[in-house]
Each structure stands twice: as C-alpha cells, then as structure tokens.
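At position 312 of the sequence shown the residue is numbered 312 (my numbering), and the sequence of numbers has no breaks. Glycine included, each C-beta is placed from N, C-alpha and C at the ideal position.
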Amino acid sequence: MSRITLSRFMIEQQRKAGTLPPDLRLLIETIGRACKAISFAVNKGALAGVLGEAGTGNIQGEAQKKMDVIANDYLLDANEWGGNLAAMASEEMELPYHIPGEYPKGNYLLLFDPLDGSSNIDINISVGTIFSILHCPNGGDSNPSIEDFLQPGTAQVAAGYTIYGPQTMLVLTFGNGVHGFTLDHEQGSFVLTHPDMRVPNTTGEFAINMSNQRHWEAPVKRYVDELLAGVSGVRGRDFNMRWVAAMVAEVHRILTRGGIFMYPRDARDPDKPGKLRLMYEGNPMAFIIEQAGGKATNGTQRIMDIKPQALHERVAVFLGSSEEVDIVTGYHKQ
Ligand code: F6P
1 MSRITLSRFM
11 IEQQRKAGTL
21 PPDLRLLIET
31 IGRACKAISF
41 AVNKGALAGV
51 LGEAGTGNIQ
61 GEAQKKMDVI
71 ANDYLLDANE
81 WGGNLAAMAS
91 EEMELPYHIP
101 GEYPKGNYLL
111 LFDPLDGSSN
121 IDINISVGTI
131 FSILHCPNGG
141 DSNPSIEDFL
151 QPGTAQVAAG
161 YTIYGPQTML
171 VLTFGNGVHG
181 FTLDHEQGSF
191 VLTHPDMRVP
201 NTTGEFAINM
211 SNQRHWEAPV
221 KRYVDELLAG
231 VSGVRGRDFN
241 MRWVAAMVAE
251 VHRILTRGGI
261 FMYPRDARDP
271 DKPGKLRLMY
281 EGNPMAFIIE
291 QAGGKATNGT
301 QRIMDIKPQA
311 LHERVAVFLG
321 SSEEVDIVTG
331 YHKQ
C-alpha cells in the first residue's frame with residue numbers, strides 16, 4: 001500500500017467525514033511546512049549557528065534562545081501570506097501579530113509556542129512546536145483584538161505539536177482522534193505512521209519536576225507521596241518517574257505508552273497559577289489528550305472549560321491517563 005502523507009490524509013478526511021474545511025487543511029499544511037523548516041534548523045544545530053542565547057527576553061521575562069526567535073519567525077513568515085488566518089499569537093510576542101495589509105485575511109486564529117522546552121536545544125534533547133487553531137469571532141474582517149483570542153479550549157478547531165527528537169513527528173487533532181506523522185527527511189513529507197493514537201487509562205509512570213516539591217500544595221504532595229511509597233503504600237504498586245523538561249516530549253511519551261504529566265501551581269509565586277501557558281500549551285495539549293481518550297485538568301476543572309482572561313495566562317496542568325488524573329483531581333476537590 002502506498003504511504004499516506006499528511007496532505008493525502010487530510011484530503012481523504014475532508015472527503016470522507018466532511019469535518020475538515022479546505023481552508024483549515026491548507027492552514028495545517030502551512031504549519032507543517034514551517035515545522036519542517038524548524039526541524040532542519042534544529043537538526044543542523046551548531047553547524048547552522050542556531051544554538052545559544054538570543055540575548056533578548058520574551059513577555060514572560062524568560063531569556064530567549066536563538067532558536068526561539070528563529071522558530072517564531074519561520075511560523076510567522078510561512079503563515080502570514082496564505083489567506084487562511086485573521087491573526088496569530090505566540091509565546092514570544094506580547095501582542096497578536098496582524099496579517100500585513102497586502103495579504104488577504106482568513107477566518108482562523110493561530111496560537112503557538114514556537115519552540116517548547118527550548119532550554120533543551122543546547123544539550124541536544126527533544127524540543128517541539130505546539131499550536132492551537134480557533135475561529136476568528138468577527139470572521140477576520142478587521143484586525144482581531146486580544147479578546148477575540150480569549151476563547152476556551154473547547155472552541156479549538158484543531159491543535160497539534162511537532163516534536164523534534166530522534167524522529168521529527170507532527171501529531172494532530174481536528175476533533176476526530178489523534179494522528180501522528182513522521183517526517184521523511186529524504187522525501188520532505190510527513191507520513192502517517194501512528195494513526196488513532198490512544199492514551200491507556202491506567203499507567204505506572206508519572207512526570208513532575210520533583211525539585212519544586214517543597215513549594216507544592218497539599219493535594220499534589222499527597223498524590224506524589226503515595227506514588228513514591230510504591231508497593232508498600234496505599235497504591236500497592238511501584239511507579240516510575242520521567243522528566244524531560246519539554247512538555248511536548250512528555251505528552252508524546254504519554255500518547256505512546258501512557259502516564260501522567262503534572263506542572264502544578266505552587267507557592268513560589270502565588271500570583272501565577274502554574275508555569276505553563278493556557279492558550280498555546282495547556283489548551284492544545286488538553287485537546288490532543290482528550291481526543292486520545294485521556295484527561296486534562298488544572299486540579300479542579302477541565303482545562304478546556306477555563307474561560308481565558310489573558311493571552312499569556314498561566315495554568316496548572318495535570319494530564320494523561322484518566323485514572324491518575326481523576327485521583328489527583330479528586331484530592332484537589334476534597
Ligand atoms: O514551556 C515551559 C516548559 O519548557 C515545558 O515545556 C516544560 O514542561 C517545563 O517548562 C519545564 O519546566 P522546568 O524547567 O521548571 O522543569
């Protein structure tokens with residue numbers, strides 16, 4: 001059987017299920033093209049002079065890596081002229097990016113984290129791009145405002161990520177399951193290799209940055225203590241731990257073999273409800289995980305039900321295998 005490329009998969013979905021409008025398909029293809037360019041740059045690393053600090057900071061007050069800036073530019077350049085977008089927003093930009101006047105505007109809003117886990121880039125460990133696509137409420141007639149972006153995760157029409165690891169893979173949902181495509185570097189196309197990815201309900205693996213333990217709230221301490229107690233504790237079995245420090249890589253592992261990923265709110269900065277960003281990290285990953293049969297909460301509430309208040313809002317994240325997300329969410333509710 002011939003290989004199913006990303007384009008062919010989406011055209012067939014469009015015909016079969018009628019769930020994928022042509023302009024959304026073209027938008028996802030464009031994002032895929034930008035991710036290929038990012039993948040090639042990440043791959044060349046020091047040979048292309050893309051490692052190290054950019055010498056600038058983003059709106060979150062984080063130092064930007066050169067590759068943060070390059071990946072952001074690739075996504076803006078690829079997506080500004082195609083006529084499918086009303087505007088874009090990125091972790092690396094304080095305000096929405098408006099489509100330049102010379103290009104037509106479309107009906108969608110694109111949000112992205114151009115290079116998630118970018119502290120991994122200099123040490124040759126996986127990084128990724130995360131994206132979320134929304135309808136533009138006013139149909140893209142005028143320049144969208146920040147308020148136009150502030151839609152709950154349930155309003156997403158598509159979401160995905162590209163992981164730049166031993167293989168480059170694009171993992172995608174438009175509300176019809178989760179499908180993974182591996183980049184064939186010789187052919188230059190994403191090929192369907194992981195159709196209908198599912199998160200197992202049960203797991204023996206968890207992911208959390210343990211160095212923050214002393215700052216956690218009581219329900220998280222209780223839950224992780226019980227996991228660490230292993231076979232002699234209330235859970236009656238041993239759990240394994242992993243922490244890659246790139247959410248894309250943790251989510252990819254969970255989609256492949258199950259697990260729970262946690263970045264809780266903690267006492268370091270009481271004004272920040274967690275480290276991760278709702279609009280371009282929490283929501284797209286929650287959409288993907290739910291479409292694969294898992295769950296995603298902020299401890300008390302389904303992430304995708306949160307009504308965003310700000311473009312760069314932060315959120316506590318518990319996502320993955322449903323049994324474990326239910327337990328830790330239950331502890332918060334008690
Ligand atoms: O976007 C933030 C991020 O890099 C995530 O990809 C990752 O899960 C997390 O931060 C790692 O945080 P820390 O450095 O605190 O372990």
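Per the C-alpha coordinates, the member of 162, 282 and 83 positioned closest to residue 102 is 83.
Inclusion of residue 115 and residue 71 in the CB contact set at 7 Å is warranted, their separation being smaller than that value.
A residue is called buried once 16 or more other Cβ atoms fall within 10 Å of its Cβ, and residue 47, having fewer, is exposed. Excluding sequence positions up to five before and after residue 35, its CB lies within less than 7 Å of the CB of 129, 162 and 170, all in the same chain and listed in chain order.
Straight across, the Cα-Cα distance linking residue 32 with residue 17 is about 22 Å. Around the beta carbon of residue 10, a 10 Å sphere encloses 16 or more other beta carbons of the protein chains shown; the residue is thus reported as buried.
For residue 173, the uninterrupted beta strand (DSSP E) segment begins and ends at 168-173. In this structure, residue 305 and residue 154 form a Cβ contact; the two beta carbons are roughly 7 Å apart against a cut-off of 8 Å.
In the three-state DSSP reduction, residue 153 falls in the helix class (H, G or I). Assigned with DSSP and collapsed to three states, residue 253 falls in helix. Ranking 176, 235 and 198 by CA distance to the CA of residue 293 puts 198 first. The bridge partners DSSP lists for residue 65 are 53. Contact annotation: residue 69 and residue 246 have beta-carbon atoms that are not nearer than 7 Å. At least one heavy atom of the ligand F6P falls within 6 Å of the beta-carbon of residue 247.
In the DSSP assignment, residue 42 falls within the unbroken alpha helix (DSSP H) covering 22-44. Contact check between the stretch 205-213 and the stretch 232-247: three or more CB pairs, one atom from each, fall below 8 Å, which counts as touching. Going by DSSP, residue 262 is part of the beta strand (DSSP E) stretching over 260-263. Remark: the C-beta of residue 68 is outside contact range of the ligand F6P, defined as less than 6 Å to any heavy atom. Excluding residues up to 5 positions away in sequence, 163 lie with their Cβ nearer than 6 Å to the Cβ of residue 252 in the same chain. At least one heavy atom of the ligand F6P sits closer than 6 Å to the Cβ of residue 116.
CA-to-CA, the gap between residue 49 and residue 87 works out to about 30 Å.
Rounded to the nearest whole angstrom, the CA to CA distance from residue 58 to residue 8 is 37 Å.
When beta bridges are read from the DSSP output, residue 133 appears opposite 110 and 158. Spatial neighbours of residue 168 in its own chain (CB-CB distance under 6 Å, excluding positions within 5 residues in sequence) are listed in chain order as 39 and 183. Looking from the CA of residue 298, the closest CA among 272, 311 and 94 belongs to 272. Going by C-alpha positions, residue 152 is about 10 Å away from residue 309. When rounded, the separation of the alpha-carbon atoms in residue 121 and residue 42 is 8 Å. When DSSP states are grouped into helix, strand and coil, residue 295 belongs to the strand group. Relative to residue 279, the option among 315, 261 and 291 whose CA is nearest is 315. For residue 127, the secondary structure class from DSSP, reduced to helix, strand or coil, is strand. The residue from 175, 63, 138 and 249 with its alpha-carbon nearest to that of residue 166 is 249.
Beta-bridge partners of residue 233 (DSSP): none assigned.
Not one heavy atom of the ligand F6P falls within 6 Å of the beta-carbon of residue 201.
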